[in-house]
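Participant: Before I ask anything, let me first share the structure, which is written out below as structure tokens.
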Amino acid sequence: MADLPTHTIVFEILTRLPTKDVGRSKSVCKQWYALLSTQDFVKIHCSRSVVSSNQRVLLIDDLTCSVRPIISNNNDYGPSSTVTFPFHHQNNDVSILSHLNGLLCVCLNHTYELLLWNPTTIAFKRLSTPDSHGFYINNLDAIGLYVDADDDYKVLHIKRRSGVLGVYVYSREVDSWRNIPFITRQEYLSPHFNWSAGTFCGGTLYFTVCECWIGGTNVVICFDVNSEQFKEISFPPVPSNGMVQGVLVNVKNVLHMFASTGMFEMTIDLWTLQGDYWIKVLSCPPIPPISLSLWCDITHYVTNGNWFVMTKLGKLFTIEMDMKPFECFYPVSWFRGFKGAVFVQTIVSPSI
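Numbering (our numbering) for the sequence shown: 161 to 512.
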């Protein structure tokens with residue numbers, strides 16, 4: 161340790177600071193401000209922030225926006241703190257569309273504008289432009305947030321307008337949108353298909369595309385973020401005798417899916433993607449009937465060999481799993497109203 165340069169020691173210590181302490185440390189001196197503002201520092205600090213103690217649940221209702229910690233001892237929510245939106249809104253009409261490394265991609269429902277927002281640092285960036293880019297329509301569009309090989313944060317926006325599909329990529333680095341080609345089946349343009357938000361895993365964004373009736377078609381669309389090529393893979397072989405919904409989650413850079421089927425009583429199976437094929441990990445034991453009001457804002461946390469089924473009111477029940485312990489919670493969000501998200505507190509900025 162005595163042979164290490166002072167700069168290296170300071171760098172290592174500062175990358176382990178809590179997120180809010182990094183902001184305070186910038187005011188120590190000009191050298192520290194410059195160091196803490198570099199992309200190398202932000203990247204390493206972010207990688208060391210993905211721990212359960214640094215995760216938060218953000219919930220939006222008609223009156224408040226609150227953030228709660230997840231208490232690791234009992235795997236439940238801790239006390240809430242109120243968050244004030246740094247941008248103009250109307251009656252909390254903010255939808256959370258995607259989240260990655262502490263950044264949230266949100267939509268202002270009264271203007272349809274897209275924003276990148278870090279709720280920890282309060283910084284935000286408007287993505288809308290005068291030439292109509294960066295405007296989102298619920299139930300027609302899909303959003304995915306990702307990082308490419310050059311460490312550039314990007315937003316993939318899939319737009320369906322009157323039977324025409326357009327795909328656009330926003331780059332934080334160059335602060336602009338551009339169009340990319342997307343060849344897919346024509347029927348996926350129909351509003352009868354529901355596109356999920358994108359889940360980023362192993363250099364690919366994954367979307368579930370599900371037909372909105374019993375026995376309909378269900379597929380997964382994959383977007384390679386570096387080649388910018390799309391492909392289609394099959395859905396897990398789940399029963400089609402009820403409504404089908406697949407919710408994706410990245411667990412240690414391996415894609416998993418919670419696939420639910422049924423009508424009034426739901427069956428949930430956990431699958432993992434190996435290559436282009438799905439392998440069943442477990443079938444959930446019988447779930448007590450859940451009211452529709454709770455089911456619509458349910459979320460799951462997978463951690464430490466257990467699977468916790470939560471709502472905005474708290475823990476609903478726990479399912480034991482024969483899986484290796486994890487360092488943090490892996491959220492699978494079912495907030496159909498886009499009114500909730502689990503995020504990690506980081507200093508990642510929505511703009512350069």
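Backbone N, C-alpha and C define an ideal beta-carbon position, used for all residues, glycine too.
How many whole angstroms separate the CB atoms of residue 284 and residue 246, which I take to be in contact at a CB cut-off of 8 Å?
Facilitator: Right, their Cβ atoms sit about 6 Å apart.
Participant: Answer yes or no: do residue 409 and residue 215 have a C-beta to C-beta separation smaller than 8 Å?
Facilitator: Taking 8 Å as the Cβ cut-off, residue 409 and residue 215 do not qualify as a contacting pair.
Participant: Smallest Cα separation from residue 387: which of 364, 262, 397 and 288?
Facilitator: Nearest option by C-alpha distance: 364.
Participant: From this set, 290, 259, 224 and 412, which residue's C-alpha is nearest residue 278's C-alpha?
Facilitator: Out of 290, 259, 224 and 412, 259 has the C-alpha closest to the C-alpha of residue 278.
Participant: From which residue to which residue does the alpha helix (DSSP H) around residue 250 run?
Facilitator: Note, residue 250: premise wrong, no alpha helix (DSSP H); not H, not E.
Participant: DSSP three-state call for residue 333: helix, strand or coil?
Facilitator: Residue 333: coil per DSSP, three-state reduction.
Participant: Out of 396, 273 and 311, point me to the one whose CA is closest to residue 248's CA.
Facilitator: Cα-wise, what sits closest to residue 248 is 273.
Participant: Which whole-angstrom value describes the C-beta separation of residue 240 and residue 226, a residue pair presumed to lie in contact below a C-beta threshold of 8 Å?
Facilitator: Sure, about 4 Å apart at Cβ, within 8 Å.
Participant: Check residue 273 in the structure and name its three-state DSSP category.
Facilitator: Strand, per DSSP.
Participant: Measuring CA to CA, which of 206, 381 and 257 is closest to residue 499?
Facilitator: The residue with the shortest Cα to Cα distance from residue 499 is 257.
Participant: Starting from the C-beta of residue 352, find all residues in its chain whose C-beta is less than 7 Å away, skip the five residues before and the five after it, and write them out in chain order.
Facilitator: Result list for residue 352: 371 and 372, in chain order.
Participant: Starting from the Cα of residue 339, find the closest Cα among 307, 291 and 309 and give me that residue.
Facilitator: It is 291.
Participant: Would you call the CB atoms of residue 367 and residue 304 closer than 8 Å?
Facilitator: Result yes, Cβ atoms of residue 367 and residue 304 sit closer than 8 Å.
Participant: Just checking my contact of residue 315 with residue 502 at CB under 8 Å: how many whole Å lie between their CB atoms?
Facilitator: Not a contact, Cβ separation roughly 19 Å.
Participant: Mapping the DSSP letters down to three states, classify residue 185 as helix, strand or coil.
Facilitator: If DSSP states are grouped into helix, strand and coil, residue 185 belongs with the helices.
Participant: Just curious, the beta strand (DSSP E) that residue 300 is in, first and last residue?
Facilitator: That residue, residue 300, is in no beta strand (DSSP E); it is neither H nor E in DSSP.
Participant: Could you tell me if the beta carbon of residue 188 falls within a distance shorter than 7 Å of some heavy atom in the ligand NAP?
Facilitator: As presented, the structure is devoid of all ligands, the ligand NAP included, so that no description of it is given.
Participant: Near residue 406, what residues of its chain come up, given a Cβ to Cβ distance below 6 Å and the 5 sequence neighbours on each side ignored?
Facilitator: Here the set comprises 368, 417 and 419.
Participant: Give the straight-line distance between the Cα atoms of residue 552 and residue 323, rounded to the nearest whole angstrom.
Facilitator: This structure does not reach residue 552, given that the chain is present from 161 up to 512, and the question cannot be answered.
Participant: Please work out which residues of its chain come closer than 8 Å, Cβ to Cβ, to residue 193, disregarding the five sequence neighbours upstream and downstream, and give them in chain order.
Facilitator: Here the set comprises 186 and 187.
Participant: Would you grab the beta carbon distance between residue 395 and residue 381 for me? Rounded to a whole angstrom, and I think it's under 8 Å.
Facilitator: Going by Cβ atoms, the distance from residue 395 to residue 381 rounds to 11 Å, so no, they are not a contact pair.
Participant: Just curious, the alpha helix (DSSP H) that residue 190 is in, first and last residue?
Facilitator: That run of the alpha helix (DSSP H) goes 190–196.
Participant: Quick one: Cα of residue 430 to Cα of residue 415, how far?
Facilitator: Taking the straight line joining both Cα atoms gives about 11 Å.
Participant: Based on Cα-Cα distance, which residue from 308, 282, 265 and 309 lies nearest to residue 288?
Facilitator: Among 308, 282, 265 and 309, the Cα nearest to that of residue 288 belongs to 265.
Participant: If you draw a straight line from the C-alpha of residue 412 to the C-alpha of residue 270, how long is it?
Facilitator: Taking the straight line from one Cα to the other gives about 37 Å.
Participant: How long is the line joining the alpha carbons of residue 179 and residue 506, rounded to whole angstroms?
Facilitator: So the two alpha carbons sit approximately 6 Å from each other.
Participant: What span of residues does the alpha helix (DSSP H) with residue 207 cover, start to end?
Facilitator: Here the alpha helix (DSSP H) through residue 207 covers 199–207.
Participant: If you draw a straight line from the alpha carbon of residue 344 to that of residue 224, how long is it in whole angstroms?
Facilitator: Their backbone Cα atoms lie some 40 Å apart in a straight line.
Participant: Identify, in the order they occur along the chain, each residue of the same chain with its Cβ nearer than 8 Å to the Cβ of residue 183, setting aside the five sequence neighbours on each side.
Facilitator: Cβ neighbours of residue 183 beyond the five flanking positions: 281 and 507.
Participant: What three-state label does DSSP hand residue 508 in the structure shown?
Facilitator: Residue state, collapsed to three classes: coil.
Participant: Going by CA-CA distance only, name the one from 335, 512 and 203 that's closest to residue 294.
Facilitator: It is 335.
Participant: Suppose only complete runs of 3+ residues qualify. What are the beta strand (DSSP E) ranges in the region 405–430, listed by chain order?
Facilitator: Within the region 405–430, the complete beta strand (DSSP E) runs of at least 3 residues are 414–422.
Participant: Relative to the C-alpha of residue 521, which residue among 436, 400, 437 and 435 is closest?
Facilitator: Limits of the chain in this structure are 161 at one end and 512 at the other, which puts residue 521 out of reach.
Participant: Would you grab the beta carbon distance between residue 251 and residue 220 for me? Rounded to a whole angstrom, and I think it's under 8 Å.
Facilitator: Residue 251 to residue 220, Cβ: 10 Å. No contact.
Participant: To which residues of the same chain is residue 228 closer than 6 Å at the C-beta, ignoring the five residues directly before and after it?
Facilitator: Same-chain partners within the cutoff: 217, 237, 238 and 240.
Participant: Would you decide whether residue 330 is buried or exposed? Buried here means 16 or more other CB atoms lie within 10 Å of its CB.
Facilitator: With 16 or more other Cβ atoms within 10 Å, it is buried.
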